[in-house]
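S.K.: In the numbering used here, the protein residues as written are 1 to 62. Virtual Cβ for every residue (Gly too), placed ideally from N, Cα, C.
(1) Do residue 3 and residue 43 have their C-beta atoms closer together than 9 Å?
(2) For residue 31, name the three-state secondary structure that DSSP assigns.
(3) Would you tell me roughly how many angstroms separate the C-alpha atoms of residue 24 and residue 12, rounded to the nearest one?
(4) Could you work out which residue in 57, 38, 29, 28 is closest to residue 10 when comparing CA atoms only?
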């Protein structure tokens with residue numbers, strides 16, 4: 001999966017959630033969507049952690 005920006009990843013997660021809520025996917029499709037969602041969540045968490053660390057560093061000397 002190519003590296004998405006945070007907002008793009010969140011948008012894709014919302015799309016996946018809507019698709020899951022429809023309940024019209026096969027088991028194989030569900031499996032792929034869940035795997036993709038897990039990767040997106042992992043990426044978003046990483047970006048948030050990095051941003052938090054950057055903010056802390058920026059204000060350490062303030």
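M.R.: Based on what the coordinates show:
(1) yes
(2) helix
(3) 18 Å
(4) Comparing Cα positions, the closest option is 38.
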